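Please read the structure below before turning to the comments.
There are 2 protein chains.
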Amino acid sequence: LSGLGRLLDASQVWVVLLCTGVAAGLIAAGIDIATNWLGDLKHGYCGGAFYLSRRFCCLGLEAGETCREWVPWRAAVGAARSGYVVEYFFYIVFSILFAATASVLVGTYAIYAKHSGIPEIKTVLGGFVIRRFMGAQTLIIKSLGLCLAVASGLWLGKEGPLVHVACCCANILMKPFPSLSKNEARKREVLSAASAAGISVAFGSPIGGVLFSLEQLSYYFPDKAMWQSFVSAMVAAVTLQFMNPFRTGKLVLYQVKYTRGWHDFEIIPFAVLGVIGGLYGAFFIRLNMRIAQYRKTTIIRKYPITEVTIVALITALINFPIIFMRPSPSALVADLFQECSKTTEDPLGLCVDKTAPPIILLLLSSVLGILLASATFGLQVPAGIILPSMAIGALYGRSMGMVLQAFQRTHPTSWIFSSCTPDVECVTPGVFAIIGAASALGGVTRMTVSIVVIMFELTGALTYVLPIMIAVMLSKWVGDAFGKRGIYESWIRFKQYPFLDNREDPVPDVAVSEVMTRTEDLIVITEQGNTLAALDALLATQPYKGFPVVTDTRDAVLVGYISRSELRFALDQARRGGGAGDDTECVFSSPAAVAGSPFPMTPRVRGDAGVVDLRAWMDATPITLAPGASLLLVAGLFQKLGLRYVLFARHGVLQGLLTKKDVFEVLNGEEEGEAAGSDSQTAELVGMIIIDGSCTE
Amino acid sequence: LSGLGRLLDASQVWVVLLCTGVAAGLIAAGIDIATNWLGDLKHGYCGGAFYLSRRFCCLGLEAGETCREWVPWRAAVGAARSGYVVEYFFYIVFSILFAATASVLVGTYAIYAKHSGIPEIKTVLGGFVIRRFMGAQTLIIKSLGLCLAVASGLWLGKEGPLVHVACCCANILMKPFPSLSKNEARKREVLSAASAAGISVAFGSPIGGVLFSLEQLSYYFPDKAMWQSFVSAMVAAVTLQFMNPFRTGKLVLYQVKYTRGWHDFEIIPFAVLGVIGGLYGAFFIRLNMRIAQYRKTTIIRKYPITEVTIVALITALINFPIIFMRPSPSALVADLFQECSKTTEDPLGLCVDKTAPPIILLLLSSVLGILLASATFGLQVPAGIILPSMAIGALYGRSMGMVLQAFQRTHPTSWIFSSCTPDVECVTPGVFAIIGAASALGGVTRMTVSIVVIMFELTGALTYVLPIMIAVMLSKWVGDAFGKRGIYESWIRFKQYPFLDNREDPVPDVAVSEVMTRTEDLIVITEQGNTLAALDALLATQPYKGFPVVTDTRDAVLVGYISRSELRFALDQARRGGGAGDDTECVFSSPAAVAGSPFPMTPRVRGDAGVVDLRAWMDATPITLAPGASLLLVAGLFQKLGLRYVLFARHGVLQGLLTKKDVFEVLNGEEEGEAAGSDSQTAELVGMIIIDGSCTE
């Protein structure tokens, strides 16, 4: 590339990243506004302008003034006496309506818009291609469906799906630049950066987004990718801040203002919260996977929309009467995080003196939340698990904080509380809610650093960084004791995506020769003696993605490797442009040609011999190891270099082949075959070879 | 490994990490206390107890009360009239004394304790071993020297050296566990985690430490390493907080309490600060390298202690009269970050109404700081560059903020300031200081995410995360335009450490065959026909780290690769235990042995033939590529798998060899040979091959 060419080439990435950031910010703002409006529709409508959410309808009122513009359904129907029933009814009807619409949209137009999308993105970044997973249709349906699903009151979050939305934006914006969209490695870098933008706008936490992308999603994360994620996440956050969908002018979503620090004795309950988070995570993952398995193996899988409707009905029935479940998870988390003081509002009644009823209700909500969320995550609607987990954690955290507070109030002179300042509230239940939320998130996703950063970007509670870290650490340790896989890895395994998890148990210490496909079981092409028709027949009968090329089948000295698509292309070219017929011989070497002579770049019949020279389409330098190499080394090659296959030769003679999928099967075949039978909706997976910036199929 | 064995094996890492965290926290606390005491000694001493710093000497006094215990030198000497001169004199004497002592200690006992150590740690984590670089002696001297060097008032910081200190702790603590200390890959993981602990205690920023380790130091950073760094950084932070060396009870070092947000118009000056940061970084790196080059090529290099003394003298002469340069960089940064209000102290006179003199003095201090820091970083004392850069950035940032504030005060009605609330201070110069510090740090180190996280862990100013991000982004872009290398990479290059920077310009697109060492130029061993004496002679005459083994020199079919140390060991064993003599033949293959037959694990004379079988010491499965492979691929292998050499074969016949050092030379040889002549103090570098958890020399 020339200097200018290289500059243009480099600037394309930045154009795409900047546009992705802006697009993600705009879409997130749109989703926020639409979700609020739809969510408020469950309770009433704006008299003056039906398209306004309650907040905007009542904008500009003084505190305490009632908002006359906003008409609750009770008033609209004119039912003064049975108001509660009317509101309950409308709440349920709208919930079901929204959820069912979302499900129908997803089912009809874009099945990939369902679920969170993070398991699939992990798989894509791990080196596989899922067709249509990040198309324009998926983007539109996921955005619309997300508004409806969140507004329906189902126990789901918009965070994971927003990552998918941001990746869709990036994927679409890359289309005009072939140097990006045709190069799988660069494409993946851009997608990594886009996912950072997704979390950035979901939580208003740009740094948390970068870390999420790094810790949870990315398979290998070069330095460059970190910088690109940083820029993309920042642009997205600036755009969101500029759009200012909540009219608060702040990026810090759940800003808390704690006037008090923490005391040494609180470390113990904080640690207990961490352990509970780990237990919750392990339990949640098992329950969720059990439900998913049940869904897949019974008749339920044939009626996904009905299933969504029923879950929405049950959720609405439970949500409405319980004060802690009626608000959206986002509003709930914000309220639970707050410190009690005389100036802040207390819509949920958390700051009352008689604390026993709220404590019991908090715990009940937490348990019901677990059950509902585990039934919801996996339905045919766009659904994330991050915010529900935070809400569940905040519920049990706050309840523990309130118990401790009550205990301290009744025993203020106990030696345990000697470090409390007299006449000042000692225990802050809001801090326990934050730490509970972090621990629950840690238990479910098994992330560490990202959670801490997200928590303090969300709340600004920097003083509590150490307690949060301790809770997250314990939560991960306890969770890992019950199984190494987080919720996303569990879904990857459930869906049987070919993903090599580098967090899995160690690779068995065997030589590759024990697991590779041996030459005698391989379909190989000889370098000479094949007619065009024979190669056509080979492609027609063999499903493999590529073929080793050897000198002859007896000696099998390795010459190179040709992928299915390259061979297909070359043969078609030879027929169309090169004047070759069925009987023309195709060769991968030429006795006349010396090594290093230029290969013809169009396959055409050559010279008197009448042969087609296919050398230009063959990879003459595939990565080759000795068959005695350890599987550990080979797994490292697959993971770190993104290879899809490795050839094995001894003294130049081909011994066998190992594909990424083989490694995947060896690693997963050792466990009990719980996930037997492939998911009918598993994407068509096409492998690619990626080496840092260059891509060869 | 059995289940229990594996558990013990895994727990060793955690024991080492926890102990490293605790040790780093304790040492950092000790250094903080000692530095404060020594620094205060320059001004006076504590009458009651000479070993107390001013802060502890005057502890418990009310604000405004004068501290009678503390005796300034002016009073001690009894010079009432020429007090300034006396204080100036004592200041200079102590500065020189401390600096010279530090330099003597370093020069006499541990030369590796000089400088920041980060370039060396990067090199070590990049796959090389520097002997004695992280020994007990280095640890002690670096800690002591650091106290003295910081207290001397030289323009240096303790942050980089603390990373080195933490790595020394980890290295020493690993010694009792051979499964860690003998395994280079696991050792490196632990060192990564330890460096996170170093930054964690330097800034009280555990998350920033993890990111610093990830972004700046680590070559490849598996998921596991992130989690280990997290734990180690957290333990270190908890220990430091528990030790509480500043008696503030807070981990947030420079906590700021801003009552005001930022306004849209401020984005432009923030961006300008980012650009200035980039320019400063580029200029500083060039100046510092120019000075280093001058030092190395002139007579100065023979008198390092004299050089330190002179720089300390000049620094003291300049520092004392200028109010912004007299305090330690740490105290200076803390003051510059503060918002002006009636309740906070203003020791530096930054909140006066007539702002012109301080603005000019701030700029002057900034320029002098650049000059002094660039002369200091590279002296024979422990010295970091992070804090001086932050101080320089805070100086120019604050001055810009004060200019803007003055402008706003004189033109409050201008349309630019329409978003300011009337009667409330609009511009906060402290914010500009923070952003200036972030931009300067970005320009010098070229880090991104870590800086943002460190800045807000340092200050708690979460509201300003977007401006900080924008400034850091611009600073990196501008800095990169003048040269891709940050200060640490520049030093690595200057010292000619064999470090493959994955941020460097793209690898030239050539085939390996053009750069590899061809078989005819290689020293190879044939699989049969060598006597023990011949191999001894080979080792004695050839300096190479390993030798390919081939069938015979004519055909050169590759059999394997044996490293120098393995061969040495095997030959010694054969002589001592195996009964072999000079004339005994050594073979790497056996006609009788079929592939896969067990190799003898002690080299002893075998059978009637009287040969020593060395197969067990040979790597029979070295990574082999075709010579047509691109250099890009091979560089990727070196970088991502930590390989040290790759062999090239065609049809099994050895074609050549490429070592990491060759790649390094190809990549760096293309540039102008500015760093000619190797540094006489370059460490002895020994290469290792690392594959994710396993190590084969």
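Protein chains in written order, with my numbering: chain L, 1 to 697; chain V, 1001 to 1697.
Ideal Cβ placement from N, Cα and C applies to all residues, glycine included.
Just so it is clear, the structure is predicted and the values come from calculations on it, not from any experiment.
Buried or exposed by the 16-neighbour rule on C-beta atoms within 10 Å, applied to residue i
i         : result
PRO1598/V : Confidence at PRO1598/V is low in this model, with a pLDDT of 49, below 50, so the placement of that residue should be treated as unreliable; the coordinate-derived value is given next. Its Cβ having fewer than 16 others within 10 Å, PRO1598/V is exposed.
GLU514/L  : exposed
LYS1354/V : exposed
GLY352/L  : It is worth fixing the name first, because residue 352/L is Val in this sequence and not Gly. With fewer than 16 other Cβ atoms within 10 Å, it is exposed.
GLY1529/V : exposed
ARG290/L  : exposed
PHE50/L   : exposed
ARG398/L  : buried
SER699/L  : No answer is possible for residue 699/L: it lies beyond the span of chain L, which begins at 1 and ends at 697.
TRP415/L  : exposed
For residue i, the three-state DSSP class (helix, strand or coil)
i         : result
ALA1649/V : strand
TYR45/L   : strand
PHE94/L   : helix
CYS586/L  : strand
LEU1154/V : coil
VAL201/L  : helix
VAL1510/V : coil
GLN293/L  : helix
Beta carbon proximity, residue i to chain L, threshold 8 Å
i         : result
VAL1594/V : Here VAL1594/V scores only 38 on pLDDT, less than 50, and its place in the model should not be relied on; the value that follows carries that caveat. No, VAL1594/V lies away from the interface with chain L (no Cβ there is under 8 Å from its Cβ).
GLU1215/V : yes
GLY1430/V : no
GLY1157/V : no
PHE1098/V : no
GLU1566/V : no
VAL1557/V : yes
VAL1515/V : no
LEU1004/V : no
Chain L contact residues for residue i, given Cβ-Cβ distances below 8 Å
i         : result
GLN1496/V : Simply none; closest approach about 22 Å.
6 Å Cβ shell around residue i - same chain, five flanking residues per side excluded
i         : result
LEU1285/V : Looking at the sequence itself, residue 1285/V is Ile, so the reference to Leu does not match. Around ILE1285/V: ILE1487 and SER1490.
CYS1340/V : CYS1351
Residue i at chain V interface by Cβ criterion, 8 Å
i        : result
PRO206/L : yes
THR703/L : Since the first residue shown for chain L is 1 and the last is 697, residue 703/L is missing from the structure and cannot be characterised.
HIS699/L : Missing from the structure shown is residue 699/L; chain L here goes from 1 to 697 and no further.
HIS164/L : no
GLY277/L : no
LEU643/L : no
GLY60/L  : no
GLY628/L : yes
Residue i: contacting residues in chain V (beta-carbon distance under 7 Å)
i        : result
VAL238/L : LEU1466
LEU139/L : Within chain V, no residue comes near LEU139/L; the closest Cβ sits about 26 Å away, beyond 7 Å.
VAL449/L : ILE1207, VAL1210, MET1226 and PHE1230
Cut-off 8 Å between Cβ atoms - residues of its own chain near residue i, not counting five sequence neighbours on either side
i         : result
THR1463/V : TYR1258, GLY1261 and TRP1262
ALA1383/V : LYS1114, HIS1115, SER1116, ALA1149, LEU1154, LEU1156, GLY1157, GLY1160, PRO1161, THR1376 and PHE1377
Proximal residues of chain L, C-beta to C-beta of residue i below 9 Å
i         : result
GLN1241/V : LEU466
ALA1471/V : Within chain L, no residue comes near ALA1471/V; the closest Cβ sits about 11 Å away, beyond 9 Å.
Contacts of residue i in chain V (Cβ-Cβ under 9 Å)
i        : result
GLY460/L : GLY1460, LEU1462 and THR1463
GLY652/L : VAL1557, LEU1558, ALA1649, ARG1650, HIS1651, GLY1652 and VAL1653
Close-in-space but distant-in-sequence residues of the same chain around residue i (CB under 7 Å, 5 per side omitted)
i        : result
GLY482/L : Going by the sequence as given, residue 482/L is Phe instead of Gly. Excluding sequence neighbours, PHE482/L sits near ALA282.
LEU139/L : VAL165, CYS168, CYS169 and ILE172
Closer than 7 Å: residue i CB and nearest the ligand MG heavy atom
i       : result
GLY39/L : Ligands displayed in this structure: none; no statement on the ligand MG is therefore possible.
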